[in-house]
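Quick notes on the structure that follows.
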Ligand SMILES: Nc1ncnc2c1ncn2[C@@H]1O[C@H](COP(=O)(O)OP(=O)(O)O)[C@@H](O)[C@H]1O
Ligand SMILES: [Mg+2]
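Residue numbers (this note's numbering): 88 to 345.
As structure tokens, this is what we get:
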């Protein structure tokens, strides 16, 4: 079973959108797919309940303890024949929960919205992931995707530099598109909607699917190694020092770094 964790500490970055679209892509290819929802809000499970009868089934598992979500009847159990499991993480996951999520996963996809605040929070989250989440010693492959991008010219300069220092790939930019909203309303993914009207969305999601299949594309064309385990710690520390730069959050760029 392949386990893909979709995570960012920030709410609204696109975790559920990515989870449901990746899951429905695999399901539409007849891959046995399950979603494990760790978010007390249960948006992925709600999406599953809205799925029409004619599309491929996706199993839903509830990973939220009953204390936090007393009304949820769905079990944590995942069928043994599951081939792809996608975990929808809650906002603000840290500490033991973060370690548990990382331990379960072979792939970690981090969606990030284009605002300076989101970019800063994401860089902090990646730091947390490495320093306390166990990503440093895990074999999980990690990549970042931009989400809700309104203009192709949007600069993620600071985040890009940070990711390059960490040798993490920045896979793709997902546009801010009504098709994702329509899909969410109907319990579908863009790969299950009319092909002609979802060409752009399908194209922008493809680099993630390719990366999950072992390809290593990089939006910025620079060479990225397909491993994050053996990062030199000096490089890592330099990157962490960069995001602690106080000029980072105000502009989304580093004034002190060329
Ligand atoms: N690329 C996108 N285009 C349009 N709307 C989006 C896009 N990504 C997310 N949204 C919308 O933004 C809101 C937050 O996204 P969501 O996936 O629920 O984030 P998270 O799970 O990280 O909190 C939702 O209403 C969702 O439908
Ligand atoms: Mg969510």
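C-beta atoms are modelled at their ideal positions from N, C-alpha and C, and glycine is treated no differently.
Quick one: residues in its chain with C-beta nearer than 8 Å to the C-beta of residue i, no 5 flanking neighbours on either side, listed in chain order?
{"i": "residue 56", "result": "Only positions 88 to 345 of the chain appear in this structure, which leaves residue 56 out of reach."}
{"i": "residue 284", "result": "266"}
{"i": "residue 189", "result": "92, 195, 216, 220, 221, 222, 225 and 227"}
Any idea if residue i is buried or exposed, counting beta-carbon neighbours within 10 angstroms, 16 or more meaning buried?
{"i": "residue 140", "result": "exposed"}
{"i": "residue 149", "result": "buried"}
{"i": "residue 302", "result": "exposed"}
{"i": "residue 256", "result": "buried"}
{"i": "residue 138", "result": "buried"}
{"i": "residue 245", "result": "buried"}
{"i": "residue 298", "result": "buried"}
{"i": "residue 123", "result": "buried"}
{"i": "residue 163", "result": "exposed"}
{"i": "residue 131", "result": "buried"}
{"i": "residue 268", "result": "exposed"}
Taking the C-alpha atoms as reference points, what is the distance between residue i and residue j?
{"i": "residue 281", "j": "residue 293", "result": "17 Å"}
{"i": "residue 236", "j": "residue 260", "result": "7 Å"}
{"i": "residue 274", "j": "residue 136", "result": "7 Å"}
{"i": "residue 266", "j": "residue 288", "result": "8 Å"}
{"i": "residue 238", "j": "residue 210", "result": "21 Å"}
{"i": "residue 142", "j": "residue 279", "result": "8 Å"}
{"i": "residue 206", "j": "residue 250", "result": "11 Å"}
{"i": "residue 110", "j": "residue 169", "result": "12 Å"}
{"i": "residue 212", "j": "residue 147", "result": "27 Å"}
{"i": "residue 276", "j": "residue 117", "result": "14 Å"}
{"i": "residue 100", "j": "residue 167", "result": "31 Å"}
{"i": "residue 204", "j": "residue 97", "result": "10 Å"}
Going along the chain, which residues of its own chain have a beta-carbon closer than 7 Å to the beta-carbon of residue i, five neighbours each way excluded?
{"i": "residue 102", "result": "93, 94, 95, 175, 176 and 198"}
{"i": "residue 262", "result": "236, 287 and 291"}
Under a three-way DSSP split, which group does residue i fall into?
{"i": "residue 182", "result": "helix"}
{"i": "residue 267", "result": "helix"}
{"i": "residue 142", "result": "coil"}
{"i": "residue 113", "result": "helix"}
{"i": "residue 175", "result": "strand"}
{"i": "residue 402", "result": "Residue 402 is absent from the structure shown; the chain starts at 88 and stops at 345."}
{"i": "residue 149", "result": "strand"}
{"i": "residue 257", "result": "strand"}
{"i": "residue 190", "result": "helix"}
{"i": "residue 196", "result": "strand"}
{"i": "residue 289", "result": "helix"}
For residue i, which residues from the same chain have a beta carbon less than 6 Å from its beta carbon, with the 5 sequence-adjacent residues on both sides left out?
{"i": "residue 134", "result": "107 and 274"}
{"i": "residue 258", "result": "230, 232, 294, 295 and 298"}
{"i": "residue 120", "result": "110, 113, 114, 145 and 171"}
{"i": "residue 151", "result": "127"}
Counting pairs of Cβ atoms below 8 Å between the segment 224-232 and the segment 186-196, do you hit three or more?
Touching, per the Cβ criterion.
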